[in-house]
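Note that the working numbering has the sequence shown beginning at 7, numbered continuously upward.
Using N, Cα and C, we set each Cβ at its ideal position, and we do this for glycine too.
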Amino acid sequence: MGPVVGDLLPLAIGVAVSPIPIIAVILMLLSRKAGAASAGFALGWVIGILVVTVVVLTVTSGASNSDGEPSDAVSWVKLVLGLLLLLVGIRQWRRRPQAGADVPLPKWMAAIDEVTPLKAVGLGAVLSGVNPKNLLLCAGAGVTIGAADLSGADQTVCVAVFTIIAASTVLVPVIGYAVAKDRLSQPLQDLKAWLQANNATVMAVLILVIGVALFGKGLGGLI
7 MGPVVGDLLP LAIGVAVSPI PIIAVILMLL SRKAGAASAG FALGWVIGIL VVTVVVLTVT
67 SGASNSDGEP SDAVSWVKLV LGLLLLLVGI RQWRRRPQAG ADVPLPKWMA AIDEVTPLKA
127 VGLGAVLSGV NPKNLLLCAG AGVTIGAADL SGADQTVCVA VFTIIAASTV LVPVIGYAVA
187 KDRLSQPLQD LKAWLQANNA TVMAVLILVI GVALFGKGLG GLI
């Protein structure tokens, strides 16, 4: 199970380091409905990650050869996912703003102050499970776990580890704000400003690195 968890770490970090949802949850924490909205968003974020990962895991579970190595089909899936991530990363890099330029927030963020807890759940699920970048990363995690020769208990542990790490950057601010609201207001504002300015560059580099790694694993399984 150890090697599988090692393979999951970069994928989980790729989901975790997602500036837009982190900015969204920060805005919720600074809104009038901070507690309920942010908790709903965190719940939706976790649900989105779990659903995609478990569905892909279920489809690919047991997809390994008699020697325990991933089948050619799994290797092809990894190769394609890696290629898609590379394309997403290149697109992100080309769309990154120039240094010093103002980076506007998405229009839907302007309405976050009025978001209800139920809508926050849906928003969190969409940003984690339907967002193309996160969809590819969670699918990669599902393939990685499903193709490994693991017991049901070990698969559950791997899914839990991936989900906790992937959701950590949304869960930590929500939990931290509930514990020390007064101390976190200014640090959250500063973090939001930095993420807003560096969103595209951070994600482009991260996605490209993970895409290369996943593409390489898929290619290695076919050679």
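Going straight from the alpha carbon of residue i to that of residue j, what length do you get?
i, j, result
"Val167", "Val149", "15 Å"
"Ala153", "Ile96", "28 Å"
"Asp196", "Val65", "42 Å"
"Leu133", "Leu194", "20 Å"
"Cys144", "Gly182", "26 Å"
"Val163", "Val121", "34 Å"
"Gln192", "Leu35", "12 Å"
"Ser44", "Val31", "6 Å"
"Val11", "Gly226", "19 Å"
"Val62", "Leu14", "14 Å"
"Val185", "Val178", "11 Å"
"Ala22", "Ala173", "6 Å"
"Lys125", "Ser67", "33 Å"
"Gly158", "Ile151", "10 Å"
Figure out for me which residue from the options has the closest Cα to the Cα of residue i.
i, options, result
"Thr169", "Val10, Ile53, Ala45", "Ile53"
"Val136", "Ile55, Leu87, Ile216, Lys198", "Ile55"
"Val60", "Val180, Val218, Val165", "Val165"
"Thr175", "Val211, Gly130, Thr64", "Gly130"
"Val211", "Ala145, Trp99, Gly146", "Trp99"
"Trp200", "Val163, Ile19, Pro25", "Pro25"
"Arg102", "Ile118, Thr207, Val62", "Thr207"
"Ile171", "Pro9, Gly8, Met7, Pro16", "Pro16"
"Gly8", "Ala42, Ile118, Asp160", "Asp160"
"Pro123", "Val180, Val215, Gly41", "Gly41"
"Ile118", "Lys198, Ser37, Val180", "Ser37"
Give the DSSP-derived three-state secondary structure of residue i in the structure shown.
i, result
"Arg102", "coil"
"Met34", "helix"
"Leu212", "helix"
"Ser174", "helix"
"Val11", "helix"
"Leu89", "helix"
"Val65", "helix"
"Val58", "helix"
"Ala154", "coil"
"Val23", "coil"
"Val136", "helix"
"Val121", "coil"
"Ala186", "coil"
Pop quiz: residue i and residue j are said to be a contact at Cβ under 8 Å. What is the actual Cβ separation, rounded to whole angstroms?
i, j, result
"Val58", "Leu141", "6 Å"
"Gly146", "Leu220", "6 Å"
Considering only residues of the same chain and omitting the five flanking positions on each side of residue i, which have a CB-CB separation below 6 Å?
i, result
"Gly224", "Ser81, Lys84, Leu85, Gly88"
"Val233", "In the structure as shown, the chain starts at 7 and stops at 229, and residue 233 therefore has no counterpart that could be examined."
"Gly217", "Gly88, Leu91, Leu92, Gly95"
"Ala18", "Phe168, Ile171, Ala172"
"Lys198", "Ile29, Ile32"
Heavy atom of the ligand FMN less than 7 Å from the Cβ of residue i, yes or no?
i, result
"Val10", "The ligand content of the structure shown is nil, which means the ligand FMN is not present either."
Give me, in chain order, the residues of the same chain whose beta-carbon lies closer than 7 Å to that of residue i; leave out the 5 immediate sequence neighbours on both sides.
i, result
"Ile213", "Gly20, Leu91, Val94, Gly95, Gln98, Lys139"
Which residues in the same chain have their Cβ closer than 8 Å to the Cβ of residue i, if we skip the five residues on either side of it in sequence?
i, result
"Gly222", "Gly88"
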